[in-house]
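Working notes, beginning with the structure itself.
In the numbering used here, the protein residues as written are 230 to 729.
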């Protein structure tokens, strides 16, 4: 009862805080079930936040949302909010399952908001939603277009070059939420900007103000444009955090982290030196600095000790392979340059964390990274592997079923020679780079079919019942091995009786 009262008090105080703020002038429109549909149906473009007053993430978003509403109102883009503790049915109708949920509405039609949650990011994202995928740019409008965001892209393409125009439009549609893209057919404007036709020009407010790409052939291609923008849209070096991490991840380029205490008196000087190193490896490695105090667990995940700063590590964003630099030394820039040179040349081996090799004492094989190939890449057996975490509730609920599965296969004279059931602690062991497994959460279940040279891992996405797991192994494994689940005994199925 005490816990419920505490929660009620916290929720009440939060609600009173929100109520108090709403008595002040706000450009965020508060919606109810009676006003919601009229608002979203009549606005060409609007953003609606579905929130709960007690939600910490909602409270953190609130000041940024207010500021963005004021800025965007000048562009005729309206921001609104719905209190889901009051308007429960309205939030249910809009399929709200967590807080805050933000949705973009175009004359009543909703789509998910996938942008940042800080003022500048919200404004930038919504302005992109308001504009066409590709804007016409002229000599008169170029400067205004450049001022719309920190980075804009303009294609200078001849009016007769239909192929290049199509490729730029395809790129723009794919990146509508991320970049503002314009196009000019003016040869005079291209000449004034000092570029050939066709060309792609990036205008930005960081690093060098302009970057230019000309095609390898006669026309532009979407792939060339994407590769160019992946490099030129990112600063030489920047702080990486939750707001911008996905920008780096989506490029697929290896990400090099300089872990440093943001309060360190040497941070600014070292980051400036590292920017020059980043210039040398631009397009091959992205270099960032990261708050070592806030993200110590990420440092440990990259196989750094996590107790000594500054530190440095590289992560392959496609395979997940980790390359920690164990001795950074006093010459940070020099050490990083040497390490990156070796990395780019393929002379640095990935670090693979492994728990100690255990003794196998049950039907369920406990795999560690150092013995991954021995137990999992066994050509003679179909191997079902569970990647789990000790703290994972779903893993704990699966454990009795999974152990029973291992017992069934191990106790069958024929099946035990054809199938192996195994598990590996994904928090203590890295997946070897040569194993094509993507770990997106716990538990992850994959089947490695038997067969010489077979490298495929089949992800299991069915029910986590004994029968379903057996069916999966029998249908997807090479050996098609199945085992029989014994029916419950009379003692297990009969209900207990109270004695009178």
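Think of the CB as a built atom: it goes at the ideal place given N, C-alpha and C, for glycine as much as any other residue.
Rounded to whole angstroms, what is the Cα-Cα separation between residue 606 and residue 677? Spanning the two alpha carbons is a distance of roughly 7 Å.
Jot down the residue ranges of each uninterrupted alpha helix (DSSP H) in the region 591–651, minimum 4 residues, whole runs only, in chain order. Within the region 591–651, complete alpha helix (DSSP H) segments of at least 4 residues are found at 601–604 and 622–640, given in chain order.
Separation of residue 399 from residue 340, as counted between CA atoms: Computed Cα separation, rounded: 20 Å.
Indicate the three-state DSSP secondary structure (helix, strand or coil) for residue 316 in the structure shown. In the structure shown, residue 316 sits in coil (DSSP, three-state: anything other than H, G, I, E or B).
Would DSSP call residue 696 helix, strand or coil? Correct three-state label for residue 696: helix.
Cα-Cα separation between residue 706 and residue 661, rounded to whole angstroms: The C-alpha of residue 661 is placed about 22 Å away from the C-alpha of residue 706.
Where the alpha helix (DSSP H) through residue 459 begins and ends: Where residue 459 is concerned, the enclosing alpha helix (DSSP H) starts and stops at 451–461.
Are the beta-carbon atoms belonging to residue 456 and residue 488 less than 8 Å from one another? No, the Cβ-Cβ distance between residue 456 and residue 488 is not below 8 Å.
Could you tell me the alpha carbon to alpha carbon distance between residue 648 and residue 474, rounded to whole angstroms? Their backbone Cα atoms lie some 40 Å apart in a straight line.
Whose C-alpha, out of 546, 471 and 628, is nearest the C-alpha of residue 619? 628 is the residue among 546, 471 and 628 whose C-alpha sits nearest the C-alpha of residue 619.
Per-residue burial, residue 353 [other beta carbons within 10 Å of its own, 16 or more giving buried]: Buried, by the Cβ-count rule.
Would you kindly work out how many angstroms separate the C-alpha atoms of residue 371 and residue 361, rounded to a whole number? Straight-line spacing of the CA atoms in residue 371 and residue 361 works out to 16 Å.
Just curious, the alpha helix (DSSP H) that residue 422 is in, first and last residue? That residue, residue 422, is in no alpha helix (DSSP H); it is neither H nor E in DSSP.
Uninterrupted alpha helix (DSSP H) stretches inside the region 326–373 (no shorter than 4 residues): Correct list: 348–359.
DSSP three-state call for residue 304: helix, strand or coil? The three-state secondary structure of residue 304, taken from DSSP, is coil.
Cα-Cα separation, residue 715 to residue 657: For residue 715 and residue 657, the gap between their C-alpha atoms comes out near 35 Å.
What does DSSP give as the partner residue(s) for residue 429 in the beta ladder? Answer by DSSP bridge pairing, in chain order: 384 and 442.
Mapping the DSSP letters down to three states, classify residue 250 as helix, strand or coil. At residue 250, the pLDDT of 46 sits below 50, so the modelled position is not reliable; the number obtained from the coordinates is stated separately. Judged by DSSP in its simplified three-state form, residue 250 adopts helix.
Exposure of residue 586, with buried meaning 16 or more beta-carbon neighbours within 10 Å: When all chains shown are included, residue 586 counts as exposed.
What do you get for residue 329, buried or exposed, if any count of 16 or more other CB atoms within 10 angstroms of its CB means buried? Classification of residue 329: buried, given that the 10 Å Cβ count is 16 or more.
Is residue 546 helix, strand or coil when you go by DSSP? Note: residue 546 maps to coil in three-state DSSP.
Just to confirm, does residue 514 get its C-beta within under 7 Å of one of the non-hydrogen atoms of the ligand MN? By its list of ligands, the structure shown contains no ligand whatsoever, and the ligand MN lies outside what it can speak to.
Hey, quick one: how far does the alpha helix (DSSP H) through residue 475 stretch, first residue to last? Note, residue 475: alpha helix (DSSP H), 474–478.
To which residues of the same chain is residue 251 closer than 6 Å at the C-beta, ignoring the five residues directly before and after it? Confidence in residue 251 is poor, its pLDDT being 47 and thus under 50, which makes the residue's placement unreliable; the coordinate value appears in the next sentence. In its chain, beyond the 5 residues on either side, no residue has a beta carbon closer than 6 Å to the beta carbon of residue 251.
I'd like the list of long-range same chain contacts for residue 684, defined as Cβ closer than 7 Å, with 5 residues on each side in sequence excluded. The beta carbon of residue 684 sits closer than 7 Å to those of 665, all from its chain and outside the five residues before and after it, given in chain order.
Out of curiosity, what's the CA-to-CA distance linking residue 280 and residue 454? When rounded, the distance between both Cα atoms is 39 Å.
Three-state secondary structure (DSSP) of residue 285: In the structure shown, residue 285 sits in a helix (DSSP, three-state: H, G or I).
Using a 10 Å radius around the Cβ and a threshold of 16 neighbouring Cβ atoms, would you call residue 479 buried or exposed? Around the beta-carbon of residue 479, fewer than 16 other beta-carbon atoms lie within 10 Å, marking it exposed.
With three or more C-beta pairs closer than 8 Å as the rule, is the region 513–520 touching the region 464–472? With a cut-off of 8 Å, the region 513–520 and the region 464–472 count as touching, because enough Cβ pairs lie within range.
Let me know the secondary structure DSSP gives residue 660 once reduced to three states. Three-state result, residue 660: coil.
Quick check: the region 377–393 against the region 427–443, are at least 3 beta-carbon pairs closer than 8 Å? Touching, yes, given that three or more Cβ pairs across the two stretches are closer than 8 Å.
Taking just the CA atoms, how far does residue 580 sit from residue 635? C-alpha separation (whole angstroms): 31 Å.
Which partner residues of residue 553 appear in the DSSP bridge assignment? For residue 553, the pairing in a beta bridge is given by DSSP as 542.
Given a threshold of 16 other Cβ atoms within 10 Å of its Cβ, counted over all protein chains shown, does residue 610 qualify as buried or as exposed? A residue is called buried once 16 or more other Cβ atoms fall within 10 Å of its Cβ, and residue 610 is buried on that count.
Going by DSSP, what residue range makes up the alpha helix (DSSP H) through residue 268? Run containing residue 268: 262–271, per the alpha helix (DSSP H) assignment.
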